[in-house]
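Working notes, structure below.
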Ligand code: ADP
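In this note's numbering, the protein residues as written are 87 to 264.
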């Protein structure tokens, strides 16, 4: 009998503050290519986001969690360490424009130096999402612009209520849902 193939696990890391349809596109493409996908939400102590990490994790789970191949976890520290803990052989990053490439190349080469057994794979989103970033969505929404169609409905509601509250920063810190 042929030997069973080892399932290939991919990590899709990022801040996801908040998740946009650009992220969803990349996560779903990864889930179509690999056996299991772990979305890693980076806990960045030095960069306070609009949403707390546990809120981001919960939002992402609501949006992509129905796919049984996709798991969502928060992590801190080195990405390659997290990827190793997940048993991942692949790190997936999305590339929008050429401007993403230089930073991504640096990160990918550094990560390969730190962990030669893990490769970074770059995926392209649908063209209509190739200009989209969490930062831009927050900025436009804050100024009262309509971002319908760029983020899932639950994110749109959360964005409006957070920005309407005038709360630019999360209220209370909680331990991340894992
Ligand atoms: P960062 O890690 O720079 O904070 P994000 O958390 O916003 O980036 O995004 C995580 C990943 O998703 C990165 O690989 C980023 O390039 C990718 N990404 C974000 N927005 C898009 C998009 N609109 N299309 C494709 N990839 C995207």
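Cβ atoms here follow ideal geometry from the backbone N, Cα and C, with glycine treated the same way. Here the structure is a predicted model, which is why all the values come from computation and not from measurement.
>> To the nearest angstrom, how far is the alpha carbon of residue 199 from that of residue 234?
In response: Counting from 1 along the chain shown, the entry for residue 199 is found at position 113. Counting from 1 along the chain shown, the entry for residue 234 is found at position 148. Each residue's Cα considered, the two are about 41 Å apart.
>> Is any non-hydrogen atom of the ligand ADP found closer than 7 Å to the C-beta of residue 129, if you look at the structure I gave you?
In response: Locating residue 129 in the chain shown gives position 43, where the first residue counts as 1. For the ligand ADP, not one heavy atom lies less than 7 Å from the Cβ of residue 129.
>> Considering only DSSP beta bridges, list what residue 208 is partnered with.
In response: As a working note, residue 208 is residue 122 in the chain shown. According to DSSP, which records beta bridges pairwise, residue 208 is partnered with 179.
>> Could you check if residue 162 belongs to the surroundings of the ligand PLP, using beta carbon to heavy atom distance under 7 Å?
In response: The ligand PLP is not part of this structure, which contains only the ligand ADP.
> Looking at C-alpha atoms only, which residue of 142, 119, 96 is the closest neighbour of residue 244?
Replying inline: Position 158 of the chain shown, counted from the first residue, corresponds to residue 244. The residue with the shortest Cα to Cα distance from residue 244 is 142.
> Considering only the beta carbon of each residue, do residue 211 and residue 180 sit closer than 8 Å?
Replying inline: Locating residue 211 in the chain shown gives position 125, where the first residue counts as 1. Locating residue 180 in the chain shown gives position 94, where the first residue counts as 1. Yes, the Cβ-Cβ distance between residue 211 and residue 180 is below 8 Å.
> Near residue 254, what residues of its chain come up, given a Cβ to Cβ distance below 8 Å and the 5 sequence neighbours on each side ignored?
Replying inline: Within the chain shown, the letter at position 168 stands for residue 254. Confidence at residue 254 is low in this model, with a pLDDT of 49, below 50, so its placement is unreliable and the value that follows should be read with caution. Here residue 254 has 136 as same chain residues with Cβ atoms under 8 Å from its own Cβ, once five neighbours each way along the sequence are excluded.
>> Residues in the same chain with beta-carbon distance under 8 Å from residue 114, minus the five sequence neighbours each way, listed in chain order, please.
In response: As a first step, residue 114 is located in the chain shown; it is residue number 28 there, counting from the start. Excluding sequence neighbours, residue 114 sits near 150, 153.
> What do you reckon, are the CB atoms on residue 101 and residue 119 nearer than 8 Å?
Replying inline: Translated into positions along the chain shown, residue 101 becomes position 15. Translated into positions along the chain shown, residue 119 becomes position 33. For residue 101 and residue 119, no; Cβs fall outside 8 Å.
> Expressed to the nearest angstrom, what Euclidean distance is found between the alpha-carbon atoms of residue 185 and residue 213?
Replying inline: As a working note, residue 185 is residue 99 in the chain shown. As a working note, residue 213 is residue 127 in the chain shown. Each residue's alpha carbon lies about 15 Å from the other.
> Would you call residue 197 buried or exposed, if buried means 16 or more other Cβ atoms sit within 10 Å of its Cβ?
Replying inline: Counting from 1 along the chain shown, the entry for residue 197 is found at position 111. Its Cβ being crowded by 16 or more others within 10 Å, residue 197 is buried.
> What are the boundary residues of the beta strand (DSSP E) that includes residue 128?
Replying inline: Counting from 1 along the chain shown, the entry for residue 128 is found at position 42. Looking at the DSSP string, the run of the beta strand (DSSP E) that includes residue 128 is 122-128.
> Considering only C-alpha positions, which residue in the set 188, 246, 206, 239 is nearest to residue 79?
Replying inline: Residue 79 lies beyond the residue range present for the chain, which begins at 87 and ends at 264; the question has no answer from this structure.
> So, helix, strand or coil for residue 106, using DSSP?
Replying inline: The residue labelled residue 106 in the question sits at position 20 within the chain shown. Looking at residue 106 - three-state DSSP - the assignment turns out to be coil, as it is neither helix nor strand.
> Among 176, 201, 206, which has the Cα closest to the Cα of residue 189?
Replying inline: On the chain shown, position 103 is the one that residue 189 refers to. Among 176, 201, 206, the Cα nearest to that of residue 189 belongs to 206.
> Do residue 202 and the ligand ADP come close, with the Cβ less than 7 Å from some heavy atom?
Replying inline: Translated into the one-based positions of the chain shown, residue 202 becomes position 116. No, the Cβ of residue 202 stays beyond 7 Å of every heavy atom of the ligand ADP.
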